[in-house]
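**Q**
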Amino acid sequence: MGNVQLTNVTKRYSDLLAVDGMDLDVKDGEFMTFVGPSGCGKSTTLEMVAGLTKPSNGTIEIDGSDVTDLPPKDRGIAMVFQNIALFPHMDVYDNISYGLNVRNVDKETKDEQVDRAAEILQLDGMLERMPSELSGGQRQRVGIGRAIVRNPAVFLMDEPLANLDAKLRMHMRTELQRIQRDLDVTTIYVTHDQEEAMTMSDRIAVINDGELQQVAPPLDCYNKPANVFVAGFIGSPSMNFINGTISDGAFTTEAFDLDISSSSIRTMGDNDAVIVGIRPEDVALAGTTGKPTMSRPITATVDVLEPIGEQILVYLRTEHDDSKVPTGLSDATEAVNRTTADELLMSVAPDSDITEEQEVDIAFDRRNLHFFDAVSGDAIHHGLAPAGDTTAETG
Ligand code: ADP
94 MGNVQLTNVT
104 KRYSDLLAVD
114 GMDLDVKDGE
124 FMTFVGPSGC
134 GKSTTLEMVA
144 GLTKPSNGTI
154 EIDGSDVTDL
164 PPKDRGIAMV
174 FQNIALFPHM
184 DVYDNISYGL
194 NVRNVDKETK
204 DEQVDRAAEI
214 LQLDGMLERM
224 PSELSGGQRQ
234 RVGIGRAIVR
244 NPAVFLMDEP
254 LANLDAKLRM
264 HMRTELQRIQ
274 RDLDVTTIYV
284 THDQEEAMTM
294 SDRIAVINDG
304 ELQQVAPPLD
314 CYNKPANVFV
324 AGFIGSPSMN
334 FINGTISDGA
344 FTTEAFDLDI
354 SSSSIRTMGD
364 NDAVIVGIRP
374 EDVALAGTTG
384 KPTMSRPITA
394 TVDVLEPIGE
404 QILVYLRTEH
414 DDSKVPTGLS
424 DATEAVNRTT
434 ADELLMSVAP
444 DSDITEEQEV
454 DIAFDRRNLH
464 FFDAVSGDAI
474 HHGLAPAGDT
484 TAETG
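Residues 94 to 488 (our numbering) are what the sequence shown spells out, left to right.
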């Protein structure tokens, strides 16, 4: 068992509110990832679960027991850090079993534990090697082995793959998922890398400025982001955001209008400032997708092309009228780095013959338009039905 419950967990460093009233329930056996930009409070939260940092406020429970004031060794947790320091003069066996010596575990149990860890980590046959004879990934696995032999109820991992090169990191992501599944141990994993969070986790907790933004399975955060921050942080390249207003049942932005007559969003009130979001993968050359869900085309000019292998990123300039940008927008707009029709990003297939400075007609997949309150930044609606179709809203 390894359920972890955070209730109103807060950490202050003099004036700085590093973690702000966090409520979170990590289920037994779950792979939960804390993700957010550097300095948002991920490590501080993990350290509070580990018992390395004391919360200023709030409680932490593991399997229903309040561990808020317990030292790390009494919490049933094991940590894996970014910089795993192996003892250079000890072989793999001794490195993995080191923690068991301190606990006076007998030789037979120690052998069993190390063999089991080595099998899970695919280190069997390497137990007599010295750290200098191991690759970076193998060393990292030895570090994880040390955590495994402690039989923890909860694994806590702080950017354990950050020091590995890109190829090895990809490989170790899959390995870690497999290990976690085999062991079925609750895991809280910290990373600033949204792609890592998306690929590995059962659920992700997106954090910004010490506050939880959304806790949900990765695809839910991608398809139904709770606010503009999550929308902009999850997914690469980042979502396009454009300012607009709802007025007289019509949606207007500086660069285009949308037919919202078939959507419940049209009842939202007049002159409401709204941010509309659309991912680059949901923008396409008009007439090329064959989908009935595309918006009316708008004209744009290709500014820059960025081929990145499996796709080409196309930076577009659209004709736009600045006077249509709503005034008086606040923090929510600052949270997104690009609310302009000046630099709309589209992704196209690598065999596209699109060229720079070309004039093109583009359209948006209406099902994947996201609407946010421009003042609070909170999501108000995801997805529009095909124009004129009142039955197919995704909500
Ligand atoms: P993350 O892991 O998301 O990068 P951290 O949890 O390490 O962020 O830090 C959150 C905030 O708390 C940051 O602004 C950081 O500078 C601050 N912080 C972390 N540890 C301390 C400390 N010991 N003393 C003062 N401020 C700290």
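Quick reminder that beta carbons are idealized off the backbone N, C-alpha and C, glycines included.
Who are the Cβ neighbours of Phe-344 in its own chain at under 7 angstroms, not counting the five residues just before and after it?
**A** Gly-337, Asp-350, Leu-351 and Ile-353
**Q** Going straight from the alpha carbon of Arg-234 to that of Thr-392, what length do you get?
**A** 53 angstroms
**Q** Can you pull the DSSP bridge partners for Pro-181?
**A** Note: Pro-181 sits in no beta bridge, so no partner.
**Q** Going along the chain, which residues of its own chain have a beta-carbon closer than 6 angstroms to the beta-carbon of Ile-241, five neighbours each way excluded?
**A** Ala-210
**Q** Note down the Cα distance separating Gly-192 from Val-198, rounded to an integer number of angstroms.
**A** Taking the straight line from one Cα to the other gives about 9 angstroms.
**Q** Spatial neighbours of Pro-165 within its chain, please: CB distance less than 7 angstroms, with the 5 preceding and 5 following residues excluded, ordered by chain position.
**A** For Pro-165, where only same-chain residues beyond five positions count, the Cβ hits under 7 angstroms are Ala-143, Gly-144 and Leu-145.
**Q** Is it the case that the segment 164 to 181 contacts the segment 319 to 326, given that we only count it when at least three CB pairs across the two stretches are under 8 angstroms?
**A** Using a C-beta cut-off of 8 angstroms, the segment 319 to 326 makes no contact with the segment 164 to 181, since fewer than three inter-stretch Cβ pairs fall below that distance.
**Q** Tell me the DSSP secondary structure of Ala-442 in three-state form.
**A** Coil, per DSSP.
**Q** Would Ile-358 and Phe-465 be called neighbours here (beta carbons separated by less than 8 angstroms)?
**A** no
**Q** So, Thr-284 versus Glu-252, is the Cβ gap smaller than 8 angstroms?
**A** Yes.
**Q** Tell me, to the nearest whole angstrom, how far the beta carbon of Pro-148 is from that of Met-141; I am working on the premise that it is less than 8 angstroms.
**A** Contact between Pro-148 and Met-141 holds, with the beta-carbon distance rounding to 5 angstroms and staying under 8 angstroms.
**Q** So what does DSSP say about Gly-470, is it helix, strand or coil?
**A** coil
**Q** Is the separation between the beta-carbon of Met-291 and that of Ile-339 shorter than 8 angstroms?
**A** One thing to note: Met-291 has its Cβ no nearer than 8 angstroms to the Cβ of Ile-339.
**Q** Is any heavy atom in ligand 1 found nearer than 7 angstroms to the beta carbon of Leu-109?
**A** Result yes, Cβ under 7 angstroms from ligand 1.
**Q** So, Val-369 versus Ile-335, is the Cβ gap smaller than 8 angstroms?
**A** yes
**Q** Give the DSSP bridge partners of Gly-337, in chain order.
**A** Partner residues in the beta bridge of Gly-337, as assigned by DSSP, are Thr-346 and Val-367.
**Q** Ligand 1 heavy atoms versus the CB of Tyr-282: any closer than 7 angstroms?
**A** False, no ligand heavy atom lies under 7 angstroms from that Cβ.
**Q** So what does Ala-298 bridge to, in DSSP terms?
**A** Phe-127 and Val-308
**Q** To the nearest angstrom, report how far apart Asp-341 and Tyr-408 are at their CA atoms.
**A** CA-CA distance, Asp-341 to Tyr-408, rounds to 32 angstroms.
**Q** Ends of the beta strand (DSSP E) at Val-235?
**A** Segment 229 to 241 is the alpha helix (DSSP H) holding Val-235; no beta strand (DSSP E) there.
**Q** According to the Cβ coordinates, are Thr-394 and Arg-410 closer than 8 angstroms?
**A** yes
**Q** State yes or no: is the beta carbon of Arg-271 nearer than 8 angstroms to at least one beta carbon in chain D?
**A** The structure shown contains no chain D; it is built from a single protein chain.
**Q** Can you find the residues in the same chain that come closer than 8 angstroms, C-beta to C-beta, to Met-387, ignoring five residues on each side of it along the sequence?
**A** Answer for Met-387: Ala-377, Ala-379, Ala-456, Phe-457, Asp-458 and Arg-459, listed in chain order.
**Q** Does the beta-carbon of Met-439 have 16 or more other beta-carbons within 10 angstroms, so that it is buried, or is it exposed?
**A** buried
**Q** Quick one: measure Cβ to Cβ for Tyr-282 and Met-332, integer angstroms, because I've assumed they're closer than 8 angstroms.
**A** Actually they do not touch by this definition, with Cβ atoms about 24 angstroms apart.
**Q** In three-state terms, what does DSSP make of Ala-379?
**A** In the three-state scheme derived from DSSP, where H, G and I count as helix and E and B as strand, Ala-379 is classed as coil.
**Q** Under 6 angstroms Cβ to Cβ from Gly-203, same chain only, skipping five residues before and after it: list those, please.
**A** Position check: residue 203 holds Lys in this sequence, whereas Gly was assumed. For Lys-203, where only same-chain residues beyond five positions count, the Cβ hits under 6 angstroms are Ser-190 and Leu-193.
**Q** Given this structure, state the Cα-to-Cα distance separating Ser-445 from Arg-296, to the nearest angstrom.
**A** If you draw a straight line from the Cα of Ser-445 to the Cα of Arg-296, it is about 36 angstroms long.
**Q** Please state the DSSP three-state secondary structure of Thr-198.
**A** Looking at the sequence provided, one finds Val at residue 198 rather than Thr. Val-198: coil per DSSP, three-state reduction.
**Q** Is it true that the CB of Leu-220 sits closer than 8 angstroms to the CB of Gln-184?
**A** Per the sequence presented here, residue 184 reads as Asp, with Gln not at that position. In contact: Asp-184 and Leu-220 (Cβ atoms closer than 8 angstroms).
**Q** Could you compute how far the alpha carbon of Glu-226 sits from the alpha carbon of Met-265?
**A** 19 angstroms
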